[in-house]
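*Asks:*
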Amino acid sequence: MPRRYLIRTFGCQMNEHDSGRAAGLLETLGYRRASSEDEADLVLLNTCAVRENADNRLYGTLGHLKSLKDRRQADGRELTIVVGGCLAQKDGDVVADRAPWVDVVYGTHNLVDLPALLARADSAAVPVVELVEALETFPSALPAKREIRHHAWVSISVGCDNSCTFCIVPSLRGPERSRPIGEVVAEVQGLVADDVIEVTLLGQNVNSYGRDLAGASRFAELLREVGRIEGLERVRFTSPHPRDFTEEVLQAMADTPVVCPHLHLPLQSGSDRVLRRMRRSYRVRRYLALVERTRALLPDAALTTDLIVGFPGETEQDFAATLDIVAQIGFDQAFTFKYSPRPGTPAAELVDEFVPAEVVAERYHRLEALVREQSRQAHQRLVGTAQQLLVESPSKTDASRWSGRTPGNHLVHLPAPAPDPAPAPGSGSGTTGAFASGDLVTATIIEAATNYALAGPAESVRRTRAGLAAGRAPAPRPTLPVLAAG
Ligand code: SF4
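Using our numbering, the first residue of the sequence shown is number 5, and each one after it goes up by one.
#1: Leaving out five residues on either side along the sequence, give the residues of the same chain with a beta carbon under 7 Å from the beta carbon of I11.
#2: Quick one: complete beta strand (DSSP E) runs, 3+ long, within the segment 85-152?
#3: Taking the Cβ atom as the reference point for each residue, do L307 and D336 lie within a distance shorter than 8 Å?
#4: Whole beta strand (DSSP E) runs in the segment 304-365 with 3 or more residues, listed along the chain?
#5: If I measure Cβ to Cβ from Q17 and keep anything under 8 Å in the same chain, skipping five residues before and after, which residues do I get?
#6: Does at least one heavy atom of ligand 1 sit under 7 Å from the Cβ of V173?
#7: Which residues bound the beta strand (DSSP E) around H245?
#8: Would you mind reading off the limits of the beta strand (DSSP E) that contains A452?
#9: Between H268 and ligand 1, is there a pair consisting of the residue's CB and a ligand heavy atom that are separated by less than 7 Å?
#10: Tell me which residue opens and which closes the alpha helix (DSSP H) that V395 is part of.
#11: Expressed to the nearest angstrom, what Euclidean distance is found between the alpha-carbon atoms of E202 and E20?
#12: Classify G314 as buried or exposed, calling it buried when 16 or more other Cβ atoms lie within 10 Å of its own Cβ.
#13: Buried or exposed: D304, going by 16 or more other Cβ atoms within 10 Å of its Cβ?
#14: Please work out which residues of its chain come closer than 7 Å, Cβ to Cβ, to L29, disregarding the five sequence neighbours upstream and downstream, and give them in chain order.
#15: Apply the 10 Å Cβ neighbour rule to M5 and answer buried if 16 or more other Cβ atoms are within range, or exposed otherwise.
#16: Does the distance from the CB of G96 to the CB of L135 come in under 8 Å?
#17: Which residue's Cα is closest to the Cα of L279: I233, F170, T298 and R7?
#18: Please indicate yes or no: does the CB of N19 lie closer than 7 Å to some heavy atom of ligand 1?
#19: Is the separation between the beta-carbon of L267 and that of T298 shorter than 8 Å?
#20: From D349 to V173, what does the alpha carbon distance come to, in whole angstroms?
#21: For Q391, count the other beta carbons within 10 Å of its own beta carbon; 16 or more makes it buried, fewer makes it exposed. Which is it?
#22: Consult DSSP for R36 and reduce its assignment to one of helix, strand or coil.
#23: Determine the burial state of Q93: buried for a count of at least 16 other Cβ atoms within 10 Å of its Cβ, exposed for fewer.
#24: Measuring CA to CA, which of V87, L236, T32 and L393 is closest to N413?
#25: Provide the residue(s) that pair with I172 in DSSP beta bridges, ordered along the chain.
#26: Going along the chain, which residues of its own chain have a beta-carbon closer than 7 Å to the beta-carbon of V196, five neighbours each way excluded?
#27: DSSP three-state call for E20: helix, strand or coil?
#28: Please report the residue range of the beta strand (DSSP E) in which S464 lies.
#29: Per DSSP, what kind of secondary structure is L83 in: helix, strand or coil?
#30: Using a 10 Å radius around the Cβ and a threshold of 16 neighbouring Cβ atoms, would you call R367 buried or exposed?
#31: Could you tell me the distance, in whole angstroms, from the CA atom of I85 to the CA atom of H68?
#32: Could you tell me if T468 is buried or exposed, where buried requires 16 or more neighbouring beta carbons within 10 angstroms of its beta carbon?
#33: By the DSSP assignment, the alpha helix (DSSP H) with G231 in it spans what residues?
#34: So, at 7 Å on beta carbons, what are the nonlocal neighbours of S175 in its own chain, with the 5 sequence-adjacent residues on each side left out?
#35: Who are the near neighbours of L301 in its chain, counting only those whose CB is closer than 8 Å to its CB and skipping five residues on each side?
#36: Would A128 pass as a contact of L91 if the rule is Cβ separation under 8 Å?
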C-alpha cells in the first residue's frame, strides 16, 4: 500500500503554488494523496505568516495532530508531521521547541530539500529543522501535482524588493528573483501539453519582473510571449504594484487576446499620508491616472483591489479619503482587511498609534457596505450579456448548479449540464449540451447577487482538451452548437 499524504495550505497563491510542488515531490517518493486526515500517513502544513493569528492557528492545528499521532502510535501506525512555508521560515526552531512531535520543519527557500529531510527524520529522535537564507532552486523547477486539471499557477519571480511597512513578505521570501523568460514559456508550454488551458502568472510584484535579470521590467514582453502559446485559452496574473505598472503592460494586455481583461491593483489606502507611512511608493493621483488609462485601453476590464482599514495613525479624514476614492473608481471587487500588526514589521512598532479596535470595526463595516454594493453593481452590469465561462465544478451546496468564471474573473453559477446521452455510432465529437470542468461555455447572465451572478442554460459549449480529459465522453445533442476542442 502506498503511503498517503495530506497537505493543508494557508495563505496566498504563492503557497498554493508551493503546495503543488510539495505534492509533486511526495508523489515522486511514492506517496499518494489522502482523501482525509484519517487516511493520511503524512500531514504537511504549508504555513502563512501574513494572516492574523497565524501562529495561534498553527499551534492549535499541531495540538490536534499530536493527539492523532498519539492515537496512531497506540495502534502501531506512524504519522509524519511536516511544517513548511512562511511561518516555518520565520519561527523555525520555535516550532520545534513548542511542538517537538513535529518531524520536519523547512522554510520558504528549501522546499527542494523535503525528500532529504524526510529521509533524515526517519532516524531522528528530534524534529529535523532546516532553514536556508537564500533560494537556490525555484519551486517551479520541481515536479508538480495540480489540484485542478485545467488551471496552473506559474511562478515568474519570487521575493520582493519593496518594503511596505505592514508586510512581512520581503523578510521571509527575500529579494526579488526572476526566472528567465524562456524558462517560464517552456513551463507553460509543458502545462498546455498536459491539458492546462489557463495559467496565472505569479509574483509578489509582477510588474518588476525581469528587472534583476535585464535592468528593466520585461513583464509586457513576457505577457506577449506567453500569449502566443498555442492551445492556451486564458492568462491571468497577480499581483501588480501600482508604482511599477507601465503603459507597455496595459498595451500588451490589450493586444494579447488570451490575457484576461482583469486587473487586480492593490490600493491599500486612499490617503496619501497613509500611503507614505505604509511606504507604498505611489500616490492616489498616480493610481487614478492608471485606472483612467486602463479604462481607456481596456474598457471591459474588471478592476479589483486590496484595502487595509485602520493602519496605525489612520484618522477619520484618511479613512474618508479611502471611501471617496473607492466610490469614485467603482471596483468589481475589493478585498478588505482590518490592519493587524505582524511582528517584525515596522508598522507593528507603532503601538502608540494603533487605532482602537471598535473604531477599526466601524470603519471596516462602512467600507464593506460600499464594496459589497459595488460588487453587486458590477454583476448587475453583466445582466443581459452573453459571457464566456470557463466552467470549474459543480456547486458544493447545490448539485443543480455549476460554477464558472468570466474573463473578468466574475463568479457565475449556471444550470448543471444536461446528462450525456449515449454517443450515436460514428458521431465523433458531435454536439452536446453536456460540459465538463475546463470547458468554455457561453451563457447569458440573468441575475446579479453580491458575490456572484446567475446565468441561464449553456447556449454553446466549446470543448477544450481539459474538458475532454476531465472524463466526459463526447456525445451528440443537436440543440446546441459546439466548437472544436481548444
Ligand atoms: S509589494 Fe509590499 S505588500 Fe507586496 S509583497 Fe512587497 S512588501 Fe509586501
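Note that CB positions come from ideal geometry on N, CA and C, so glycine has one too. Everything numeric in this text was worked out from a predicted model, so none of it was measured.
*Replies:* Answer, in terms of the structure:
#1: Only S23, A26, A27, L48 and N50 meet the Cβ criterion.
#2: 108-110 and 132-134
#3: yes
#4: 306-313 and 337-342
#5: W157, T204, L206 and T242
#6: yes
#7: H245 -> no beta strand (DSSP E), and no H or E assigned at all.
#8: Per DSSP, A452 belongs to the beta strand (DSSP E) from L444 to A452.
#9: no
#10: Looking at the DSSP string, V395 is not in any alpha helix (DSSP H); the run it does join, the beta strand (DSSP E), is A390 to P398.
#11: 16 Å
#12: buried
#13: exposed
#14: L118, P119, L146 and P147
#15: exposed
#16: yes
#17: F170
#18: no
#19: yes
#20: Note on identity: in this sequence residue 349 is Thr, with Asp being the wrong assignment. Looking at the two C-alpha atoms, the distance is approximately 10 Å.
#21: buried
#22: Assigned with DSSP and collapsed to three states, R36 falls in strand.
#23: Buried.
#24: L393
#25: BP columns for I172 are empty, so no partner.
#26: I233, G235 and L236
#27: helix
#28: S464 to R466
#29: Reduced to three states, the DSSP call for L83 is coil.
#30: Around the C-beta of R367, 16 or more other C-beta atoms lie within 10 Å, and the residue is accordingly described as buried.
#31: 11 Å
#32: buried
#33: F223 to G231
#34: The beta carbon of S175 sits closer than 7 Å to those of G348, all from its chain and outside the five residues before and after it, given in chain order.
#35: L254, Q255, M257 and A258
#36: no
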